[in-house]
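> In the working numbering, the protein residues as written are 4 to 124.
Ideal placement from N, C-alpha and C gives every residue a C-beta, glycine not left out.
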């Protein structure tokens, strides 16, 4: 395992993600020192609501770009429009995406669950 990245248990991360804890109740999974965290929080507290919203929008755009890249890597047979539709399936859920956008414009084989793919690597 790379010395820079901490080892983690996939199931522990899944349990954390599915827990009902509020963000402030979860101990951060970070190598950031307490002092550095305090500096980061002080900087964030000084930002206006508009600046914070802009940061959230940028993170959302980054996440969608990463999701699109993952879809394109896993399904090279899909064109960009089909990848966008697959993204909407993941973001909205298949039922809501079909209600909003109609039936999928692609056909792919079933993907194994994320935990299985990670454990197989």
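Can you find at least 3 beta carbon pairs, one from the segment 66-74 and one from the segment 43-50, that sit closer than 8 Å?
In short, these stretches do not touch, since the Cβ pair count stays below three.
> Determine the direct distance from the alpha carbon of residue 111 to that of residue 91, and round the result to whole angstroms.
Residue mapping note: residue 91 aligns to position 88 of the chain shown, counting from 1. Residue mapping note: residue 111 aligns to position 108 of the chain shown, counting from 1. Residue 91 and residue 111: Cα-Cα distance of roughly 15 Å.
> Count the other CB atoms, across all protein chains shown, that sit within 10 Å of the CB of residue 98; report buried if there are 16 or more and exposed otherwise.
If you number the chain shown from 1, residue 98 lands on position 95. It counts as exposed.
> I need the boundaries of the alpha helix (DSSP H) containing residue 63, first residue and last residue.
For this step, residue 63 is matched to residue 60 along the chain shown. Segment 52-77, the alpha helix (DSSP H) holding residue 63.
> So, helix, strand or coil for residue 104, using DSSP?
Within the chain shown, the letter at position 101 stands for residue 104. If DSSP states are grouped into helix, strand and coil, residue 104 belongs with the helices.
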